[in-house]
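> Residue numbers (the working numbering): 4 to 252. The beta-carbon is built from N, C-alpha and C at its ideal position, and this holds for glycine as well. Predicted model, so just to flag it, every value in this text is computed and none were measured.
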């Protein structure tokens, strides 16, 4: 497995200092991080990190659905323009949320998400999707596309959905919280191998566990254990899946 890249497909790198990012990347020289953003400020910060750290950081520009309730929707349109101007290889974090966000925001959430889906389609890039309790609604929204590639971030939705969506266009990410989240263990068993990737969502704190990109190797081992597969072979498969999702293959 010499030269194999290890991918964290969803991390809020903008929440780390430059020194912390450097320490993370130095600690695992094979690590590539997909850096998502939440709003206009974090989008600019993510572009700066891309410029500083080059190919070890894949920039995703997005607008988190939680920010819809903050009355900052104008930022979403600015982020979209920024993503197009810089030709980023990934959009997100963007999506729909029916678990943590008030129902009155649903219409605007859909307007913003549709715009990100359309730009992903136009640019032929990956979209990093947030979808708590909106898993099937998102599936309906992305069904008409042909050029874009989609990833359900921290997937804990219906066990049947991963097999219902087309391989090679939709991927499902298992979070490092699998260490303490039984639902992630169950879902990890159901995702088709070619649709499986992993993430940390660092530096989020989940049940006292401060998530970090340096956890993704362990995450692959825990997923392998849940699936009854060889960890080394699973790491190779997930690395290839990640590169296909990013449009590198």
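My parser needs the alpha helix (DSSP H) runs of 4 or more residues fully inside the stretch 88-149; what are they?
Fully enclosed alpha helix (DSSP H) runs of 4 or longer: 109-126 and 138-145.
> Grab the span of the beta strand (DSSP E) containing residue 12 for me, first residue to last.
Numbered from its first residue, the chain shown carries residue 12 at position 9. Residue 12 -> beta strand (DSSP E) spans 9-14.
> Grouping DSSP H, G and I as helix and E and B as strand, with all else coil, what is residue 62?
Taking the first residue of the chain shown as position 1, residue 62 is located at position 59. Looking at residue 62 - three-state DSSP - the assignment turns out to be strand.
> Use the C-beta contact count for residue 21: other C-beta atoms within 10 angstroms, 16 or more gives buried, fewer gives exposed.
Residue numbering aside, residue 21 sits at position 18 when the chain shown is read from its first letter. By the neighbour-count rule (16 or more Cβ atoms within 10 Å), residue 21 is not buried but exposed.
> Name the one or two DSSP bridge partners that residue 177 has.
The residue given as residue 177 occupies position 174 in the chain shown. Answer is 201, bridged to residue 177.
> At the level of alpha carbons, what is the spacing between residue 252 and residue 244?
As a working mapping, residue 252 is identified with position 249 in the chain shown. As a working mapping, residue 244 is identified with position 241 in the chain shown. Spanning the two alpha carbons is a distance of roughly 9 Å.
> With a threshold of 16 other CB atoms inside 10 Å of the CB of residue 77, please say whether the residue is buried or exposed.
Your numbering for residue 77 matches position 74 in the chain shown. Residue 77 should be labelled exposed.
> Does the stretch 179-195 come into contact with the stretch 112-128, if we say contact requires no fewer than three beta-carbon pairs (one atom in each stretch) closer than 8 Å?
Because the criterion of three Cβ pairs below 8 Å is not met, the stretch 179-195 and the stretch 112-128 do not touch.
> Pop quiz: residue 174 and residue 149 are said to be a contact at Cβ under 8 Å. What is the actual Cβ separation, rounded to whole angstroms?
If you number the chain shown from 1, residue 174 lands on position 171. If you number the chain shown from 1, residue 149 lands on position 146. Contact flag wrong, Cβ pair sits at about 16 Å.
> Quick one: residues in its chain with C-beta nearer than 6 Å to the C-beta of residue 215, no 5 flanking neighbours on either side, listed in chain order?
Along the chain shown, one-based indexing puts residue 215 at 212. Answer for residue 215: 203 and 205, listed in chain order.
> Roughly how many whole angstroms lie between the Cα atoms of residue 162 and residue 191?
By 1-based counting over the chain shown, the position of residue 162 is 159. By 1-based counting over the chain shown, the position of residue 191 is 188. In a straight line, the C-alpha of residue 162 is about 9 Å away from that of residue 191.
> For the candidate residues 146, 171, 152 and 194, whose alpha-carbon lies nearest to that of residue 160?
If you number the chain shown from 1, residue 160 lands on position 157. If we check each option's Cα against that of residue 160, 194 comes out closest.
> Touching or not, the stretch 138-155 and the stretch 78-89, by the rule of three or more beta carbon pairs under 8 Å?
Contact between the stretch 138-155 and the stretch 78-89 is absent, because fewer than three Cβ pairs lie under 8 Å.
> Can we count residue 200 as close to the ligand NAP, meaning its CB is less than 7 Å from some heavy atom?
Ligands displayed in this structure: none; no statement on the ligand NAP is therefore possible.
> So for residue 36, helix, strand or coil by DSSP?
To locate residue 36, count along the chain shown from 1; it is residue 33. Reduced to three states, the DSSP call for residue 36 is strand.
> For residue 26, which residues from the same chain have a beta carbon less than 8 Å from its beta carbon, with the 5 sequence-adjacent residues on both sides left out?
To locate residue 26, count along the chain shown from 1; it is residue 23. Contacts found: none.
> Using the C-alpha atoms, what's the distance from residue 134 back to residue 41?
Within the chain shown, residue 41 is the residue found at index 38, counting from 1. Within the chain shown, residue 134 is the residue found at index 131, counting from 1. So the alpha carbons of these two residues sit roughly 14 Å apart.
> Nearest by alpha-carbon distance to residue 14: which of 145, 73 and 65 is it?
Here residue 14 corresponds to residue number 11 of the chain shown, with the count starting at 1. Per the Cα distances, 65.
> Output needed for residue 181: all residues of its chain with C-beta closer than 7 Å, excluding positions within five of it in sequence on either side, in chain order.
Walking along the chain shown from the start, residue 181 turns up at place 178. So the list reads 187, 188, 191, 222, 225 and 226, once near-sequence residues are dropped.
> Could you tell me the alpha carbon to alpha carbon distance between residue 219 and residue 11, rounded to whole angstroms?
Walking along the chain shown from the start, residue 219 turns up at place 216. Walking along the chain shown from the start, residue 11 turns up at place 8. When rounded, the distance between both Cα atoms is 6 Å.
> Beta carbon of residue 71, beta carbon of residue 43: below 8 Å?
Along the chain shown, one-based indexing puts residue 71 at 68. Along the chain shown, one-based indexing puts residue 43 at 40. The answer is no: Cβ separation not under 8 Å.
> Which of the three DSSP states, helix, strand or coil, is assigned to residue 214?
For the purposes of this step, residue 214 is taken as residue 211 along the chain shown, with counting starting at 1. Coil at residue 214, not helix or strand.
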